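Notes for the one structure printed next.
Chains as they are written, first to last, in our numbering: chain A, 1 to 344; chain B, 345 to 583.
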């Protein structure tokens with residue numbers, strides 16, 4: 001696996017094969033599911049306008065799709081209709097081609113991981129019991145649950161000694177990891193995450209974001225991620241759906257496309273300033289440098305650095321090219337011309 | 345053949361100087377009458393209270409679950425409970441006599457009414473103890489409504505419910521002494537008899553009263569231990 005901070009090229013192209021066995025050990029997992037929203041409508045009684053207005057979106061299996069927008073734009077409402085926490089008023093939600101309304105809500109929810117900002121760990125259950133909630137609801141054997149719990153604590157980076165503690169004994173960041181482990185326990189096909197890192201400090205948040213990206217590469221779930229923070233959306237999303245007030249989509253695009261070509265003034269304002277620089281921070285210099293970097297006296301940048309930091313170095317040193325050094329010591333050259341060409 | 349000096353307290357056997365001179369407390373009397381007076385009274389008292397709390401808890405639990413599901417019921421339940429509690433216990437016993445006669449049923453009915461007043465609000469408050477976030481997560485992981493009640497709301501209600509039980513048990517043990525006005529049972533009865541003497545026999549009052557207090561303390565302690573067993577998570581907070 002590559003460095004933690006690196007972004008993958010796109011959605012996990014190769015979800016692992018299915019394994020129906022309940023005692024799922026690492027490596028066997030349910031394939032990610034495709035999620036289609038068609039003309040999705042929610043109109044709360046008494047409200048002037050719909051909360052979600054004919055939302056149509058196709059999320060391919062294994063993709064992280066981020067819903068982002070100002071508060072009250074209907075992004076959370078749209079997400080909560082997927083696992084039927086809210087009843088929709090119109091349209092369709094298809095999970096691998098099958099409408100979620102054909103399913104019993106509780107049964108459906110056991111197949112969809114759900115992570116919320118407030119986490120909602122059960123205070124009367126140990127961490128292990130919390131993580132094992134859905135497997136135990138599904139009637140897994142005790143030994144299988146114990147094995148799976150241990151595996152998940154490891155996956156989210158928690159020491160096995162946490163298993164016997166209670167939620168009140170954990171920090172906010174640790175609790176959110178447990179929340180994520182609980183959501184992943186029964187190997188759901190889709191993961192819904194509602195502002196999952198909204199309540200933790202910035203350092204923990206960025207750590208959790210990186211960890212989720214890494215975890216996504218490992219387990220390859222379809223993830224629907226809701227946030228009001230555009231930077232988080234850019235950091236997390238394979239694709240970003242920007243909502244405007246009134247529950248309609250303003251634009252759906254990859255982070256790079258979004259920063260390169262905002263659809264309208266609303267999106268432009270929502271994205272904020274420095275769009276070109278932020279696009280550069282999405283790319284790694286190792287992915288683009290090609291020229292001969294063996295010339296002496298050039299500032300040196302590791303291959304894992306972002307293009308943005310390479311640019312910063314050029315400006316600082318007053319040069320128009322830098323040498324890129326890979327882990328194996330090979331060198332290549334990145335010029336200012338190549339760099340600006342990226343933004344075209 | 346009875347000679348000139350009849351005992352001051354005629355019903356308590358051989359004259360004991362401590363008893364006849366009415367000292368504040370006669371340990372000898374307590375030992376002599378443990379078997380025929382105090383122990384039976386203690387057991388009857390325990391039985392009166394246990395039945396009242398048992399029935400009261402069963403009713404309050406059922407009513408609590410019902411009012412938890414149908415919110416509008418909570419308010420009328422609360423009003424009725426509060427009204428019952430304002431009636432003095434002695435008066436309540438008398439009020440019930442025309443309907444249930446003089447007997448154990450009347451006493452138990454009144455005692456049950458008091459336990460309800462204490463238990464029902466606690467059960468309702470306990471069932472509301474689960475936070476919004478926990479309930480949202482419980483739905484989200486796929487618990488049905490019934491599972492949420494039994495696996496999340498009830499376990500989280502235990503501390504509040506046990507707190508209510510402790511108050512109910514202690515107050516029932518205390519109120520049950522008044523049952524002696526209707527019924528020759530319980531620790532109130534020896535007190536009642538001693539008070540009827542021309543010179544109240546203090547040893548009997550003190551010993552029966554002390555037993556009632558000890559019984560209440562013991563029951564309270566047992567409930568604290570029960571709570572510790574049931575609620576391991578509440579003791580372990582973040583270090």
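Virtual Cβ for every residue (Gly too), placed ideally from N, Cα, C.
Here the structure is a predicted model, which means the values were calculated and not measured.
Asked	Found
Three-state secondary structure assigned by DSSP to residue 474 (chain B)	coil
is_contact[residue 484 (chain B), chain A] using C-beta, thresh 9 angstroms	yes
Residue from A:52, A:333, A:148 and A:74 whose Cα sits closest to the Cα of residue 296 (chain A)	A:333
Cβ pair residue 250 (chain A), residue 235 (chain A) closer than 9 angstroms	no
Boundaries of the alpha helix (DSSP H) in which residue 231 (chain A) is found, first to last residue	230-236
Residues, ordered as in the chain, of the stretch 124-142 of chain A that lie near chain B by beta-carbon distance below 7 angstroms	124, 133, 134 and 137
Interface flag, residue 481 (chain B) vs chain A, CB-CB below 9 angstroms	yes
Whole runs of the beta strand (DSSP E) within the stretch 549-583 of chain B, excluding any shorter than 3 residues	none
Residue 185 (chain A) beta carbon less than 9 angstroms from that of residue 222 (chain A)	no
Whole runs of the alpha helix (DSSP H) within the stretch 357-385 of chain B, excluding any shorter than 4 residues	361-364 and 371-377
Spatially closest choice to residue 530 (chain B) from B:547, B:392 and B:499, by CA coordinates	B:392
Through-space distance from residue 421 (chain B) to residue 206 (chain A), alpha-carbon basis	51 angstroms
Contact under 9 angstroms by Cβ, residue 345 (chain A) with residue 243 (chain A)	Nothing about residue 345 (chain A) can be reported from this structure: the residues present for chain A run from 1 to 344 only.
Close beta carbons around residue 450 (chain B), own chain, < 7 angstroms, minus the five adjacent residues each side	437, 440, 441, 444 and 526
Proximal residues of chain A, C-beta to C-beta of residue 477 (chain B) below 8 angstroms	116, 118, 119 and 120
Residue interval of the alpha helix (DSSP H) (run including residue 421 (chain B))	418-430
Within chain A, partners of residue 504 (chain B) - CB distance below 9 angstroms	Correct list: empty, because the minimum Cβ distance to chain A is about 13 angstroms.
Segments of 4+ residues assigned as alpha helix (DSSP H) that fall wholly inside the stretch 433-502 of chain B	433-444, 448-471 and 476-484
Residue 419 (chain B) burial status per 10 Å Cβ neighbour count (16 or more: buried)	exposed
Residues near residue 179 (chain A) in its chain [Cβ-Cβ closer than 8 angstroms; skip 5 each side]	115, 116, 119, 120, 121 and 196
Limits of the unbroken alpha helix (DSSP H) element including residue 100 (chain A)	No alpha helix (DSSP H) contains residue 100 (chain A), which DSSP labels as neither H nor E.
From B:372, B:385 and B:366, residue whose alpha carbon lies closest to that of residue 528 (chain B)	B:385
Closest residue to residue 406 (chain A) among A:226, A:238 and A:57 (Cα-Cα distance)	Residue numbering for chain A in the displayed model covers 1 to 344; residue 406 (chain A) lies beyond these limits and cannot be assessed.
Sequence-distant residues of the same chain with beta carbon closer than 6 angstroms to residue 65 (chain A), five excluded per side	59, 224 and 239
Cβ separation of residue 113 (chain A) and residue 191 (chain A), assumed to be a contact under 8 angstroms, to the nearest whole Å	4 angstroms
Neighbour list for residue 361 (chain A) in chain B, Cβ cutoff strictly below 8 angstroms	Residue 361 (chain A) lies beyond the stretch modelled for chain A, which goes from 1 to 344, so this question has no answer here.
Bounding residues of the beta strand (DSSP E) (the contiguous stretch that carries residue 225 (chain A))	222-227
Listed by chain order, chain B residues near residue 54 (chain A) by CB distance under 9 angstroms	Residues of chain B passing the Cβ test: none, with the nearest at roughly 26 angstroms.
Given residue 314 (chain A) as reference, the closest of A:326, A:328, A:331 and A:337 once Cα atoms are compared	A:337
Contact set for residue 90 (chain A): own chain, Cβ-Cβ below 7 angstroms, skip 5 residues either direction	39 and 41
Segment contact, 8 angstroms Cβ cut-off, at least three pairs: the stretch 454-474 of chain B with the stretch 500-507 of chain B	yes
Residue 155 (chain A) vs residue 212 (chain A) beta-carbon contact at 9 angstroms	no
Stretch-stretch touch, CB-based, cutoff 8 angstroms, three pairs: the stretch 556-566 of chain B with the stretch 509-520 of chain B	yes
N-terminal and C-terminal residue of the beta strand (DSSP E) that residue 192 (chain A) is part of	190-194
Segment contact, 8 angstroms Cβ cut-off, at least three pairs: the stretch 471-490 of chain B with the stretch 541-549 of chain B	no
Short Cβ contact (9 angstroms threshold) for residue 493 (chain B) with residue 417 (chain B)	no
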